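Have a look at the structure below before the remarks.
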Amino acid sequence: MSVDDSTLDSMKTEFCNILKKINALEFGTFRLTGGRITPYYVDLRLIPSFPDAFRRVCNFSVDLISREIGPENFDRVAGIPTAGIAFASFIAYRLEKPFLYIRQRVRRSGRERRVEGVLMPGDRRLRPPRQDGGGLREACKEGNKAPQPNNHR
1261 MSVDDSTLDS
1271 MKTEFCNILK
1281 KINALEFGTF
1291 RLTGGRITPY
1301 YVDLRLIPSF
1311 PDAFRRVCNF
1321 SVDLISREIG
1331 PENFDRVAGI
1341 PTAGIAFASF
1351 IAYRLEKPFL
1361 YIRQRVRRSG
1371 RERRVEGVLM
1381 PGDRRLRPPR
1391 QDGGGLREAC
1401 KEGNKAPQPN
1411 NHR
């Protein structure tokens, strides 16, 4: 079931109002992680500092994912550090899906993992988008290369 245009427009308007209210939208010249230059920056890291805004933005995401993708079409929700972890965790919880996250680099301590969480062979992951997509592409490649666990330690 798809989100109708008026509902989507309403969600976009409310999302923009949230960004303005919490000063998470800046205009200027910004370089994104992938190197692209943009005339604006959305600071997603601010949103979780405002519980009502965070809940509303995550609920929009859950609603859109449920209607446009369908929870039956993926097995896990993956977040990208740092901003993506809070959102992906909330979304996974609400959709009753396992959560994992993919680091930019292998951790140099502990178990030295790049993928944190259980990823099983054949799992279909939902990866919330990142502003420029650069980090997301790298994380997707890494998630696909990650060793598949054979137990649930």
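The sequence shown begins at 1261 in this note's numbering and counts up by one.
Beta carbons are placed, not taken as given, at the ideal position from N, Cα and C, and that holds for glycine.
What you are looking at is a predicted structure, and each value in this text was computed from that prediction instead of being measured.
Inset, instruction - Can you grab the Cα-Cα spacing for the pair I1329 / D1323, in whole Å? - result: If you take the alpha carbons of I1329 and D1323, they lie about 10 angstroms apart.
Next on the checklist: In the DSSP assignment, the beta strand (DSSP E) including T1342 goes from what residue to what residue?
Outcome noted: Segment: none, T1342 is in no beta strand (DSSP E) and carries neither H nor E.
- Message: Please state whether the Cβ-Cβ distance between R1371 and R1363 is less than 7 angstroms.
- Response: Note that the C-beta distance between R1371 and R1363 is not below 7 angstroms.
Practice prompt. Return yes when the Cβ of V1378 is within less than 7 angstroms of the Cβ of K1357, no when it is not.
Written response: No Cβ-Cβ contact shorter than 7 angstroms links K1357 with V1378.
- Assign D1392 to one of three DSSP states: helix, strand, or coil. Note that D1392 scores a pLDDT of 49, beneath 50, so its modelled location is shaky and nothing firm can be said.
Is it the case that the Cβ atoms of R1384 and D1335 are separated by a distance below 7 angstroms?
Closer than 7 angstroms, so yes.
| For I1297 and D1265, the rounded distance between their alpha carbons | Looking at the two C-alpha atoms, the distance is approximately 30 angstroms.
Can you name the residues that DSSP bridges to R1447?
In the structure as shown, the chain starts at 1261 and stops at 1413, and residue 1447 therefore has no counterpart that could be examined.
*Which one or two residues does DSSP pair with L1360 in a beta bridge?*
A1338, per the DSSP bridge assignment.
* Compare the beta carbon distance of L1292 and L1285 with 7 angstroms and say whether it is the shorter of the two. => Not closer than 7 angstroms, so no.
**OP:** Could you give the DSSP three-state label for R1291: helix, strand or coil?
**Re:** If DSSP states are grouped into helix, strand and coil, R1291 belongs with the strands.
Practice problem: Have a look at P1311 and S1326 and give me their C-alpha separation to the nearest angstrom. | Solution: For P1311 and S1326, the gap between their C-alpha atoms comes out near 22 angstroms.
| said: Considering just the uninterrupted stretch of the beta strand (DSSP E) at I1297, what are its terminal residues? | reply: Element bounds for I1297: I1297 to V1302.
Practice problem: Specify, as a first and last residue, the run of the alpha helix (DSSP H) that L1324 falls within. | Solution: For L1324, the enclosing alpha helix (DSSP H) has its first and last residue at P1311 to L1324.
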